[in-house]
Amino acid sequence: MKQYFAFQWHITDDCDQRCKHCYIFAEDNCKPIDSMSWQQIEDCFYNCLDFCDVYNRLPYFYITGGDPILHPDFWQLLTLIKDHDIPFTILGNPFHLNDEVCKRLKDYGCQKYQLSLDGMRETHDWFRKAGSFDITLDKIGCINRAGIRSVIMTTVSGKNIQEVPDIIDTVVEAGANVFAFARYCPTDGEEDSGMTAEAYRHLLDLSYKKFKQYEATGCQTYFSKKDHLWTFYEYEQGIFKIPEDAEEGVIYGGCNCGNCHLTILPTGDVYACRRVQNSINISGARHLSC
Numbered sequence: 007m008k009q010y011f012a013f014q015w016h017i018t019d020d021c022d023q024r025c026k027h028c029y030i031f032a033e034d035n036c037k038p039i040d041s042m043s044w045q046q047i048e049d050c051f052y053n054c055l056d057f058c059d060v061y062n063r064l065p066y067f068y069i070t071g072g073d074p075i076l077h078p079d080f081w082q083l084l085t086l087i088k089d090h091d092i093p094f095t096i097l098g099n100p101f102h103l104n105d106e107v108c109k110r111l112k113d114y115g116c117q118k119y120q121l122s123l124d125g126m127r128e129t130h131d132w133f134r135k136a137g138s139f140d141i142t143l144d145k146i147g148c149i150n151r152a153g154i155r156s157v158i159m160t161t162v163s164g165k166n167i168q169e170v171p172d173i174i175d176t177v178v179e180a181g182a183n184v185f186a187f188a189r190y191c192p193t194d195g196e197e198d199s200g201m202t203a204e205a206y207r208h209l210l211d212l213s214y215k216k217f218k219q220y221e222a223t224g225c226q227t228y229f230s231k232k233d234h235l236w237t238f239y240e241y242e243q244g245i246f247k248i249p250e251d252a253e254e255g256v257i258y259g260g261c262n263c264g265n266c267h268l269t270i271l272p273t274g275d276v277y278a279c280r281r282v283q284n285s286i287n288i289s290g291a292r293h294l295s296c
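This is the structure we're talking about:
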């Protein structure tokens, strides 16, 4: 049975926000907006399909930006994806969603729509923009009503680590289908995330117990353990165990970047991971959109 290979595809930098932790504008808040032309999008799409044919994989797209819905060819791309019966997820903003738009996304085959929540109201709006917190929570219901799975993702740093337990309560109350968090990865080697390893380990412990409490009540929110440090935490707790008959050289956990997913930027540059700035494949840069 073929396995999926996921492409996190940034079709545009265009966005309604200038988030303080955004990788796109991390080094230059006034950088020009990069967007793929329709010809580049089409070429990139078919190159991804060719890639999967060569490596005997099934394609899966995470369409993102910026906010991908702002790209003038966004719906044309979804038509192309639907015509090839390929599953996809949207990673975007809440500002252009309504019941009609979400229903249309569902008709094109959208499986999940991921929004971000990076703190409670004051902190989240400081990271993103005024009003973003309330509209994000409001659009969870909009996504759910369309039959799309709503996903809330939190990027954790020293600025918001104390608020994560409250964020969990908030997204559960709002009816999010999936919740996950992961550490902020500094864009500059001289920066740090503003939190200690001990503080983050404490967050994992606190969150694990909160997840279990919610699950025991029949909570409908699925808590995804996205951060790979969850494996170490669960190993400590005796939850994750390496098989007794483990073969030498077999990897039983960790990141799959480059193995079953990669990132494509609007410039056509290819990254093993968007969070790792120096993971660009120079030899393959722009290849997927040429």
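In the numbering used here, the protein residues as written are 7 to 296.
Backbone N, C-alpha and C define an ideal beta-carbon position, used for all residues, glycine too.
{"Item": "Quick one: any contact between the region 110-119 and the region 129-143, if contact means 3 or more CB pairs under 8 Å?", "Value": "no"}
{"Item": "Do you know how far the Cα of I270 is from the Cα of E169?", "Value": "32 Å"}
{"Item": "Along the chain, where does the beta strand (DSSP E) that runs through A278 open and close?", "Value": "Where A278 is concerned, there is no enclosing beta strand (DSSP E), given that its DSSP letter is neither H nor E."}
{"Item": "Please report the Cβ distance between G98 and P78, rounded to the nearest whole angstrom; I am assuming they are in contact, meaning their Cβ atoms lie under 8 Å.", "Value": "15 Å between Cβ atoms; not a contact."}
{"Item": "Would you identify the three-state DSSP class for V256, choosing helix, strand or coil?", "Value": "coil"}
{"Item": "Along the chain, where does the alpha helix (DSSP H) that runs through T85 open and close?", "Value": "80-89"}
{"Item": "Taking its Cβ as the centre, do 16 or more other Cβ atoms sit within 10 Å of L209, making it buried, or is it exposed?", "Value": "buried"}
{"Item": "For Q14, which beta-bridge partners are listed by DSSP?", "Value": "Y68, T269"}
{"Item": "Can the beta-carbon of A12 be found closer than 8 Å to that of Y61?", "Value": "no"}
{"Item": "Using CA coordinates, which residue listed in I154, K109, D124, I257 is at the minimum distance from F186?", "Value": "The amino acid occupying residue 186 in the given sequence is Ala; Phe does not appear at that position. For A186, the nearest C-alpha among the options comes from D124."}
{"Item": "Starting from T142 and walking both ways along the alpha helix (DSSP H), at which residues does that stretch end?", "Value": "138-151"}
{"Item": "Hey, quick one: how far does the beta strand (DSSP E) through Q226 stretch, first residue to last?", "Value": "Looking at the DSSP string, Q226 is not in any beta strand (DSSP E), and its letter there is neither H nor E."}
{"Item": "Rounding to the nearest angstrom, what Cα-Cα distance links D22 and T160 in this structure?", "Value": "19 Å"}
{"Item": "If you drop the 5 nearest sequence neighbours on each side, which residues of the same chain put their C-beta closer than 6 Å to that of I87?", "Value": "F94"}
{"Item": "Touching or not, the region 149-160 and the region 200-217, by the rule of three or more beta carbon pairs under 8 Å?", "Value": "no"}
{"Item": "Using DSSP's beta-bridge definition, name the partner residues of M263.", "Value": "Looking at the sequence itself, residue 263 is Cys, so the reference to Met does not match. Paired residues: H267."}
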